[in-house]
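Quick note, the sequences are listed as chains Y and X, same order. Under our numbering, think of the first position of the first sequence as 321, with each following residue one higher. Under our numbering, think of the first position of the second sequence as 321, with each following residue one higher. C-beta atoms are modelled at their ideal positions from N, C-alpha and C, and glycine is treated no differently.
There are 2 protein chains.
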Amino acid sequence: MRKGEETRAKILDAAEAAMLAKGFGATSIDELIVETGITKSGFFYHFRDKNELAKALLERYIENDERIYDEIFGRARELADDPLQAFLIGLKLLSELLSDLPNGHPGCLVATMCTQERAFDREIQEMNRQAALMWRRRFGAMFRDIMQVYQPREALDADQLADMVSTVLEGGIVLSKALKEPKSLPDQLLVFRSFVRLLFQPAA
Amino acid sequence: MRKGEETRAKILDAAEAAMLAKGFGATSIDELIVETGITKSGFFYHFRDKNELAKALLERYIENDERIYDEIFGRARELADDPLQAFLIGLKLLSELLSDLPNGHPGCLVATMCTQERAFDREIQEMNRQAALMWRRRFGAMFRDIMQVYQPREALDADQLADMVSTVLEGGIVLSKALKEPKSLPDQLLVFRSFVRLLFQPAA
DNA sequence: TGCGCTCCCGTACCGTCAGTACAGTTTTCA
DNA sequence: TGAAAACTGTACTGACGGTACGGGAGCGCA
Chain Y
321 MRKGEETRAK ILDAAEAAML AKGFGATSID ELIVETGITK SGFFYHFRDK
371 NELAKALLER YIENDERIYD EIFGRARELA DDPLQAFLIG LKLLSELLSD
421 LPNGHPGCLV ATMCTQERAF DREIQEMNRQ AALMWRRRFG AMFRDIMQVY
471 QPREALDADQ LADMVSTVLE GGIVLSKALK EPKSLPDQLL VFRSFVRLLF
521 QPAA
Chain X
321 MRKGEETRAK ILDAAEAAML AKGFGATSID ELIVETGITK SGFFYHFRDK
371 NELAKALLER YIENDERIYD EIFGRARELA DDPLQAFLIG LKLLSELLSD
421 LPNGHPGCLV ATMCTQERAF DREIQEMNRQ AALMWRRRFG AMFRDIMQVY
471 QPREALDADQ LADMVSTVLE GGIVLSKALK EPKSLPDQLL VFRSFVRLLF
521 QPAA
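This is the structure:
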């Protein structure tokens, strides 16, 4: 029971790294079992097929993602009472966290499964959708809190602003990878941060 | 010669649609030859291997991409002398173009090849990088023109702002696909447009 | 008329990979 | 100590990427 979880986690670790680097199709089960030191039968004991591996992978990824956001924006909220300040601090903390990754962000599993959508079943596509909706709810609530205190200088919807956070993160990851410049992602997040500050800055 | 080009284009058409929908790995050569009505030997006459197909695909995609940007921002420049107004009009035109795609943006090949980077050779990764750099040059020049006339309200670098255009486009595509909401991409572009307007709006 | 070139077909084959089937073995924990 | 959990081993199937190579239709040209 305990051992099973451990092996399962080892497979997921190897799979996540490989999938983010090479994509779903280019990652073979054979290579995963070599890396984790089990046999093919062992692999299929844990996962019925490759699709179920992808599902477990995505599930774990999203949970971890949520945990990180909880921590960062929770900490930011401790540092400032004002919702705008807290959000700006959160973006800064997130940018710093992303800067500290030596090889840049490893990639977002949600994005990789989006760009290869038809390779996966409906269940995975729905998990992806729910993840994006959770981001919208999370950041949307923050923007609504901010709007209770500050009047935006442009009439923008809280949900659209929330989606902008996801957009900048996902787009930043793509751009960073394309340019091979890890710094681009945290930089783009800071540009967005400037925009948010400008948007809610009281008219002089 | 003429016939060869035609067949080649037909393969590329089928491949592009399939790759954007399913990803690289999930697109089989067998299915491409069925769709284009040629044989396997015929396919390998045109492309040495799958990687070379990807290269030709990316090349064609980037050229087309550049052409579209040339048209849209060229047209925008005709409609307004002021560089800021021209850029804002360009973003609006681009947003409208993206809105008019019935099934949403089919996906960016640069992004799909980024999320599967190790599956491709260095040449393709370099093409991807050059494409992103071209976007930076293109939009960077526009922001520099704008900055000659308008003082930004936040100290932001023209190149970082240029990267923001790419970021919003790539991120918007990912988000649109994840959410299954084609409208998200053009919406996000308009949110970014508001930010740009706000950034260069003369202080009241 | 026939030569050569482009463009493609047909066939046979190889290695890799996902996945199946199932019997047997070790490990773990109650 | 015994049953369940966690594997191993072997043998196979079918799809796919890719190779090899001979052949042939159509076309331009001398």
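- With contacts defined as CB atoms closer than 8 angstroms, leucine 332/X and leucine 378/X fail to qualify as a contacting pair.
- Listed along the chain, the chain X residues whose CB falls inside 7 angstroms of the CB of threonine 435/Y are Gly343, Gly427, Ala431, Thr432, Thr435.
- In summary, proline 522/X is exposed, with fewer than 16 beta-carbon neighbours lying within 10 Å of its beta-carbon over all protein chains present.
- Sequence-distant Cβ neighbours of leucine 340/X in its own chain, meaning closer than 6 angstroms and more than five residues away, are Pro426, Gly427.
- Of all C-beta pairs linking the region 484-501 of chain X to the region 483-493 of chain Y, three or more are shorter than 8 angstroms, placing the two stretches in contact.
- For alanine 337/Y, the closest Cβ of chain X is not nearer than 8 angstroms.
- With a contact defined as Cβ atoms closer than 8 angstroms, phenylalanine 440/Y and asparagine 384/Y miss out at about 19 angstroms.
- In the displayed model, glycine 424/X falls within coil according to three-state DSSP, outside both helix and strand.
- Look at glutamate 383/X here: in three-state DSSP terms it is helix.
- At least one CB atom of chain X sits nearer than 8 angstroms to the CB of glutamate 474/Y.
- Distance from the Cα of alanine 337/X is smallest, within the candidate group Met454/Y, Gln436/Y, Lys497/Y, Ala451/Y, for Gln436/Y.
- Legend: CB atoms of the region 464-495 of chain X lying less than 9 angstroms from CB atoms of chain Y belong to residues Arg473, Glu474, Ala475, Leu476, Asp477, Gln480, Leu481, Asp483, Met484, Ser486, Thr487, Val488, Leu489, Glu490, Gly491, Gly492, Ile493, Val494, Leu495.
- Contact of serine 514/Y with chain X is assigned, a C-beta pair being separated by under 8 angstroms.
- Straight across, the Cα-Cα distance linking valine 354/Y with arginine 395/Y is about 40 angstroms.
- Interface criterion met: the Cβ of glutamine 508/X is under 8 angstroms from a Cβ in chain Y.
- Look at asparagine 448/X: its C-beta is under 8 angstroms from a C-beta on chain Y.
- Residue-level contact by beta carbon holds for alanine 452/Y and chain X, with a gap shorter than 8 angstroms.
- When secondary structure is reduced to three states using DSSP, alanine 451/Y falls in the helix class.
- Within the model, the alpha-carbon separation for alanine 478/X versus aspartate 507/X is close to 23 angstroms.
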